[in-house]
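Residue numbers (my numbering): 126 to 216.
Beta carbons: idealized from backbone N, C-alpha and C, even for Gly.
Nothing here was measured: the structure is a model prediction, and the numbers come from that model.
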Amino acid sequence: MSQETDSTHRAKEGIVICLRDLGDGRSRLIFDDVVADDPVAPQRVWRHKVFFTDNAYPNESLDNMELSDEQFQEIGEAVVARLLAINIRVK
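See below:
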């Protein structure tokens, strides 16, 4: 990832990803769409728009960063595909 200076500008819409422990030895990655009240404000507020998707993984695999290459690829593809979709850039 680039270490360039942050311009502070953001797109109007984005995604938020959180990690929720399910209490059964698994955790769920939850992906939600969010919208910024003002994407150029220095103290922008992101508001939940809609649930996008989720996936459960074994805690041990997550904690040790030992998901399969395919699982890591699926997570990355889901993130980029959703960002392209909400920014109307899907071809």
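Practice task
Quickly, what does DSSP pair A181 with across the bridge? List them, please.
Solution key: R153
Problem - Nearest neighbour of G139, chosen from V205, K216, L147 [CA to CA] - result: V205
Problem - Proximal residues to V170 (C-beta, below 6 Å), its chain only, five neighbours per side dropped - result: D162
Handout entry: Beta-carbon proximity list for P167, same chain, < 7 Å, skipping 5 on both sides
Key = T133
Handout entry: I211 to F177 span [Cα, whole Å]
Key = 11 Å
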